[in-house]
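Chemist: Once you've had a glance at the structure underneath, I'll fire off some questions.
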Amino acid sequence: MSDPATTTPRRALVLVDVQNDYDGGNLAIQHPPFPDSVVNVAHAMDAAAAAGIKVVVVKQMAPETSPIFAKGSHGGELHPEIARRGRDHYVEKMLPSAFTGTDLEEWLRANAIDTITVVGYMTHN
């Protein structure tokens with residue numbers, strides 16, 4: 001018989017770039033409508049938290065002079081639906097990949113996470 005501790009997936013929900021620039025800003029999401037999709041992302045966060053699944057929030061950052069995701073700008077901030085919810089880890093990235101130049105891989109390994117679900121925007125990176 002297998003040991004449940006070694007066969008039960010160790011999961012994390014990774015939210016990518018759920019920021020104000022996608023909500024009518026310089027990179028406004030058109031389809032599906034942003035108000036609908038951000039509610040679904042928030043529901044995923046709530047469900048993960050209720051199930052004891054760790055939540056990681058990833059935020060794209062750019063220099064203060066950038067037209068998108070500028071540091072310190074409203075567009076660069078997390079959407080309020082995401083910002084007001086709890087998270088287990090927070091990652092700021094400067095490049096499209098959430099792994100390049102961040103501690104995401106190290107954190108996932110340190111927490112023995114072997115299964116992730118990715119939600120948000122530009123998740124193909």
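In terms of our numbering, the sequence shown opens at residue 1 and continues consecutively. For each residue, glycine too, the CB sits at the ideal point set by N, CA and C.
Figure out for me which residue from Arg11, Pro9, Tyr22 has the closest Cα to the Cα of glycine 120.
Modeler: Per the Cα distances, Tyr22.
Chemist: If I measure Cβ to Cβ from alanine 48 and keep anything under 6 Å in the same chain, skipping five residues before and after, which residues do I get?
Modeler: Closer than 6 Å at Cβ, skipping near neighbours: Leu13, Val55.
Chemist: Would you tell me roughly how many angstroms separate the C-alpha atoms of methionine 122 and aspartate 17, rounded to the nearest one?
Modeler: Cα to Cα, methionine 122 sits roughly 7 Å from aspartate 17.
Chemist: Closer than 6 Å by C-beta to arginine 129: which residues in its own chain qualify, once you throw out the five before and the five after it? Chain order, please.
Modeler: Beyond the ends of the chain as shown, which are 1 and 125, falls residue 129; an answer cannot be given.
Chemist: Can you check whether the CB of valine 118 is closer than 9 Å to the CB of glutamate 81?
Modeler: No, these two residues do not count as a Cβ contact at 9 Å.
Chemist: Can you say whether alanine 50 is buried or exposed, counting buried as having 16 or more other CB atoms within 10 angstroms of its CB?
Modeler: Exposed: under 16 other Cβ atoms inside 10 Å.
Chemist: Just the Cα atoms here: how many angstroms apart are methionine 94 and methionine 61?
Modeler: So the alpha carbons of these two residues sit roughly 5 Å apart.
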